[in-house]
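Have a look at the structure below before the remarks.
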Amino acid sequence: MLEYMLMWPGVSGKEYKYWIASIDSLYKDEPGNYIFAKETSPGQWTPIYIGETESLLDRLSNHDKLPCVKRHGGTHIHTHTTTGGQAVRRVEESDLLAKWDPPCNKE
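Sequential numbering from 987 applies to the sequence shown in my numbering.
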């Protein structure tokens, strides 16, 4: 269940709008970007893993980084659908990774 939205800024200064939901939520079979995160204080989030996928449903239902995400305190997933293909998703992913440097993207 989607809870609310949050803007994540990239190193470029561009902001990306994400829906926030619990980590065990189900998703549609749509392309998109996603962030596993933990809430450090009300309304304040720390990204644990940032990614992109052709199918939010396939990728998020059994993600290989879930053990790392949970070990680092991840409780929520932030998502949005992304049009324009893989190149557009990867530009966004790279922009966010350069700003946030999440721990599970390094493991």
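Where is the CB? At the ideal position from N, CA and C, for every residue including glycine.
Contact set for residue i: own chain, Cβ-Cβ below 6 Å, skip 5 residues either direction
i        : result
Pro-1089 : His-1058
Tyr-990  : Ile-1006
Gly-1070 : none
Ser-1041 : Asp-1015
Tyr-1013 : Leu-1042, Leu-1043, Leu-1046
7 Å CB neighbourhood of residue i in its chain, flanking five on each side removed
i        : result
Pro-995  : Glu-1001, Lys-1085
Lys-1003 : Met-991, Met-993, His-1066
Ser-998  : Asp-1081
One or two residues paired with residue i in a DSSP bridge
i        : result
Ser-1008 : His-1062
Leu-1101 : Look at the range of the chain in this structure, 987 to 1093, and you will see that residue 1101 is not part of it.
Thr-1067 : Gly-1018
Exposure of residue i, with buried meaning 16 or more beta-carbon neighbours within 10 Å
i        : result
Leu-1043 : exposed
Met-987  : Interpretation of Met-987 is limited by its pLDDT of 49, a score under 50 that renders its predicted location unreliable; no figure is taken from the coordinates.
Tyr-1020 : buried
Ala-1023 : buried
Asp-1081 : buried
Leu-1046 : buried
Glu-1038 : buried
Glu-1079 : buried
Arg-1075 : buried
Gly-1029 : exposed
Gly-1018 : buried
Contacts around residue i, its chain only, beta-carbon distance under 8 Å, and the 5 residues preceding and following it disregarded
i        : result
Cys-1054 : Ile-1034, Tyr-1035, Pro-1089, Cys-1090, Glu-1093
Thr-1068 : Pro-1017, Gly-1018, Asn-1019, Glu-1038, Val-1074, Arg-1075, Glu-1078
Supposed contact pair residue j and residue i - C-beta distance, whole angstroms, cut 8 Å
i        : j        : result
His-1062 : Ser-1027 : Contact flag wrong, Cβ pair sits at about 14 Å.
Leu-992  : Trp-1031 : 7 Å
Discussion item. Please give me, in chain order, every unbroken run of the beta strand (DSSP E) with length at least 3 that falls completely inside the region 1019–1049.
Written reply: If we require 3 residues or more, the beta strand (DSSP E) runs fully inside the region 1019–1049 come out as 1030–1039.
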